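Peer 1: First the structure, then my questions, so here it is.
Protein chains: 2
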Amino acid sequence: MSDPLRLGIAGLGTVGVGVLKILRDQADLIAARAGRPLVATAVSARSRDKDRGVDISGLAWEDDPVTLATRDDVDVFVELMGGSDGPAKAATEAAIAAGKDVVTANKAMLAHHGQALAEAAEAAGHVIRFEAAVAGGIPVIKALTEGLSANRVLRVMGVMNGTCNYILTRMQSSGLPYQTVFEEADKLGFLEADPELDVGGIDAGHKLSLLASIAFGTRVDFAAVQLEGIGNITIEDIEQAADMGYRIKLLGVAQMTGRGLEQRMQPCLVPDSSPLGQLEGGTNMVVLEGDAVGQIVLRGAGAGEGPTASAVMADVIDIARGIRLSTFGQPAAGLLAARGASSAVPAPYYLRMALMDKPGALAKIATVLGDNGISIDRMRQYGHTDTAAPVLIVTHKTTRAALDAAISGMDVTGVVAGRPVALRIEQV
Amino acid sequence: MSDPLRLGIAGLGTVGVGVLKILRDQADLIAARAGRPLVATAVSARSRDKDRGVDISGLAWEDDPVTLATRDDVDVFVELMGGSDGPAKAATEAAIAAGKDVVTANKAMLAHHGQALAEAAEAAGHVIRFEAAVAGGIPVIKALTEGLSANRVLRVMGVMNGTCNYILTRMQSSGLPYQTVFEEADKLGFLEADPELDVGGIDAGHKLSLLASIAFGTRVDFAAVQLEGIGNITIEDIEQAADMGYRIKLLGVAQMTGRGLEQRMQPCLVPDSSPLGQLEGGTNMVVLEGDAVGQIVLRGAGAGEGPTASAVMADVIDIARGIRLSTFGQPAAGLLAARGASSAVPAPYYLRMALMDKPGALAKIATVLGDNGISIDRMRQYGHTDTAAPVLIVTHKTTRAALDAAISGMDVTGVVAGRPVALRIEQV
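If you read the sequences in order, they're chains C and A. Sequential numbering from 0 applies to the first sequence in numbering that gives the first Met the number 0. Sequential numbering from 0 applies to the second sequence in numbering that gives the first Met the number 0.
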């Protein structure tokens, strides 16, 4: 058996502790599989003395993760601090410069700096792996980069933020409004310190941008992700969508269109009988579509100590086994900048609006839609409450541009109270 | 870019043709991902002149796959002939002896000879990869061997024969009896030349034995798989199971128990709301459970030209990328023979029997169950048809041994017509 592979771990929160536990509890199993022992040699975290339920007294301690990343007794720098910049980025750059391989769970850092970091690592002959950054324990980076390597990828979709899926499914099961369930989730500790990272779709958008790079051979382009959070989803939307056979999910979709790469992270309707529609609670699901393989669905825990540590350690074991791939599946220096396309792919849409109690109101709305080339698949008008009646429309396939034009046109008619809600119905 | 990786392909049926099409259509994409071109140099099949929809005139032809496997211009021998022995095995052995890597879709060969072939390949420093042998296009070998490499695997489950799942779901949706749907499937070309490979669970059992070896670090032991086909499943079982919230699936389960390795491929009841319960038609699903990662579910096409060729080519691209793993995830020479355990894990069972119209009949059955330590969770008696009344019983958790003893005991009472049907209810 070869020499041990030595890990320097920066960040001892939930995931870091999970990694130390796996190293402690599964040493023999992992050595047998990796062909060599794996050992943590040094760690770094905010506080040295906190009780984490795992003994770190035998490990070297560094206050500064940059120092940790460059230690002679570290072969692989395991970055579990988080944050797109600051210490995480500085330490990762230092590790690469010092000739280390890097394993990270940091989607924000890679979404913003993945291209530069990958180029630096690859120029120096080192690898950066990030299975844990996307969909927690689900081996989706591996499935896409390696399992589907013979496919032209057609589309990548995913529910990749468990907190949002928890909120949406809890609203549905309880009938409670968004704000109440949001506060519940906060009390349960499900939300990031900045909740907008979750409910604004930013965290999930980071993940989508990484998958898109691998899928389409393009540079990571998080800025081009169309982001829309779940904060405007009402309990009425959820109930009415359910009534028509749909579920609302914060769904990420990346696909290459004739006009460029489309990356969307937004609330969508999906059929309630589809695997995505049936996904409940905090679980994640990623759907990969390739020209040869068809549709592959992967489902599992998207967060948590065990699942995320499992993904981190899978990357480390890959390195121990001698698996050395380009960060995004092909050399970073050769990745092209994708032209970004904005909702170029037509789809049916769900529209909800409050129609004023005026003669001919519905006819005016229907006319505006028709004028914009949008035909109606299904329409429901509910009884009037006060002065406005809720109206639901499911359109046939149309473009987002035509829909936005129609919504502006509705505004002019003066028969719609407030702004209509428009949600894409994704064909899954 | 490095030299091309040269493939010799034996077998030009559906999968072989799919591989040639991918090599032809995705050459640039694959070269970018693999870091080198991939080319087929030579092929072998039963008939040279058959029109396969793909041009093989530029490739060297060999009548004998053994000759093909040992050609100097072949780096990787791609075995797509099938059959556990005969030419497939001879050519694979010849390839290994001649210093080639091997990629195969042949589950039967590996289930019977995987240990010897892996030992031979590893002793010579070569690899055997077989992603396409299990669950078609789903990258489950990779997910288990690499994605879950940091986990102690707790259980592996799967619906891995699309034909059986087609038959069972078609029975349910149509209300037609087994024999009628079996004949339909035959006419549609869904069945193997020897249908028992499908409906007897043998093909799926081969796959399960390969997954079990990777999951538990044991030698492949197909002989120890408890095999039970779907031929005795009646439309009444399907309807009554549905009535109680279950679906019947040909489900493979492998788990390590205190008494040894349990491998079962048998019809089971699973909750209709579970991912396995919701799996319709010819699709495959594999569920992997690890101590850290929890439950990972993988779903996709289990057969067909594109999906299977996708898996074959993923293995080839892995080799081109320099990924060189032991066949079963750790050196074959170190794999232990598992003690086989037979249904050691207790479970609830579904029991169906025809009860004669005699006073006290039900009491006698209940007594026999009680005498064997089996308690009843739910019971339904239907109206009498002629002289016997269908009775359904769902038991609480019990062992198969206790259940078999109870069934023998029922026989003695003289109140049961025929032999009761007993199906395990797998907790998923």
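Glycine residues also receive a C-beta, built at the ideal position from the N, C-alpha and C atoms. Remember, it's a predicted structure, so these values are computed and weren't measured experimentally.
1) Compare the Cα-Cα distances from K106/C to each of A203/C, V16/C, K363/C, D62/C and report the closest residue.
2) Anything in the segment 315-327 of chain C with a Cβ closer than 9 Å to a Cβ of chain A? List those residues in chain order, please.
3) Reducing DSSP to helix, strand and coil, say where P86/C ends up.
4) Among the residues of its own chain, which have a CB less than 6 Å from the CB of A308/C, if the five just before and after it don't count?
5) According to the neighbour-count rule (16 or more other Cβ atoms, all chains shown, within 10 Å of its Cβ), is G188/C buried or exposed?
6) Under 7 Å between the Cβ atoms of V139/C and V315/C?
7) In chain order, which alpha helix (DSSP H) runs of at least 4 residues are fully inside the segment 35-99 of chain C?
8) Kindly say whether V285/A, judged by its beta-carbon, lies nearer than 7 Å to any beta-carbon of chain C.
9) Residues of chain C with a CB under 7 Å from the CB of G293/A: which are they?
10) Measuring only the C-alpha atoms, how far is R320/A from K99/C?
11) If we define contact as Cβ-Cβ less than 7 Å, is A313/A a contact residue for chain C?
12) Can you find the residues in the same chain that come closer than 7 Å, C-beta to C-beta, to N371/C, ignoring five residues on each side of it along the sequence?
13) What are the uninterrupted segments assigned as beta strand (DSSP E) that are 3 or more residues long and contained completely in the segment 336-400 of chain C, given in chain order?
14) Please list, in chain order, the chain C residues whose beta carbon lies closer than 7 Å to that of N150/A.
15) For chain A, is any of its Cβ atoms less than 7 Å away from the one on V42/C?
16) For Y245/C, list the residues DSSP reports as bridge partners.
17) Going by alpha carbons, who is nearest to G303/A out of A300/C, G293/C, Q25/C, M156/C?
18) Taking the beta strand (DSSP E) that T282/C belongs to, which residues open and close that run?
19) Which of the three DSSP states is assigned to R418/A in this structure?
20) Provide the residue span of the alpha helix (DSSP H) that contains Q114/A, from first to last.
21) To the nearest angstrom, how far is it from the Cα of A343/A to the Cα of P176/A?
22) At the 7 Å Cβ level, is R32/C part of the contact set with chain A, yes or no?
23) Going by other Cβ atoms of all chains shown within 10 Å of its Cβ, with 16 needed for buried, is Q265/A buried or exposed?
24) Which of helix, strand or coil does DSSP assign to I29/A?
25) Helix, strand or coil, according to DSSP, for V139/C in the structure here?
26) Taking the continuous beta strand (DSSP E) assigned at V155/A, which residues delimit it?
27) Less than 7 Å between the beta carbons of I127/C and T326/C, yes or no?
28) So, using beta-carbon positions, are V42/C and P3/C closer together than 7 Å?
29) Counting along the chain, where does the alpha helix (DSSP H) carrying R298/A start and finish?
30) State whether the segment 60-73 of chain C contacts the segment 25-33 of chain C, with contact taken as three or more CB pairs (one from each stretch) at a distance under 8 Å.
31) Between I95/C and L116/C, which are expected to be in contact by the criterion C-beta below 8 Å, what is the C-beta distance as a whole number of angstroms?
32) Quick one: what's G7/A bridged to in DSSP?
33) From S83/A, I322/A, H395/A, P389/A, pick the residue whose C-alpha is nearest to that of T233/A; which is it?
34) Find out if the Cβ-Cβ distance for the pair R5/C, D72/C is shorter than 7 Å.
35) Is there a C-beta anywhere in chain A that falls below 7 Å from the one on A214/C?
36) If you draw a straight line from the alpha carbon of R32/A to that of G174/C, how long is it in whole angstroms?
Peer 2: In short:
1) A203/C
2) V315, I316, D317, R320, G321, I322, R323, L324, S325
3) helix
4) V14, G17, V18, I21
5) exposed
6) no
7) 64-68, 85-96
8) no
9) G136, G299, A300, G305, P306
10) 20 Å
11) yes
12) A401, A404, A405, G408
13) 348-355, 375-380, 387-394
14) S309
15) no
16) P270/C
17) G293/C
18) 282-289
19) strand
20) 106-122
21) 32 Å
22) yes
23) buried
24) helix
25) helix
26) 152-158
27) yes
28) no
29) Counting along the chain, R298/A falls outside any alpha helix (DSSP H), though it belongs to the beta strand (DSSP E) covering 293-300.
30) no
31) 7 Å
32) A41/A, F76/A
33) P389/A
34) yes
35) no
36) 48 Å
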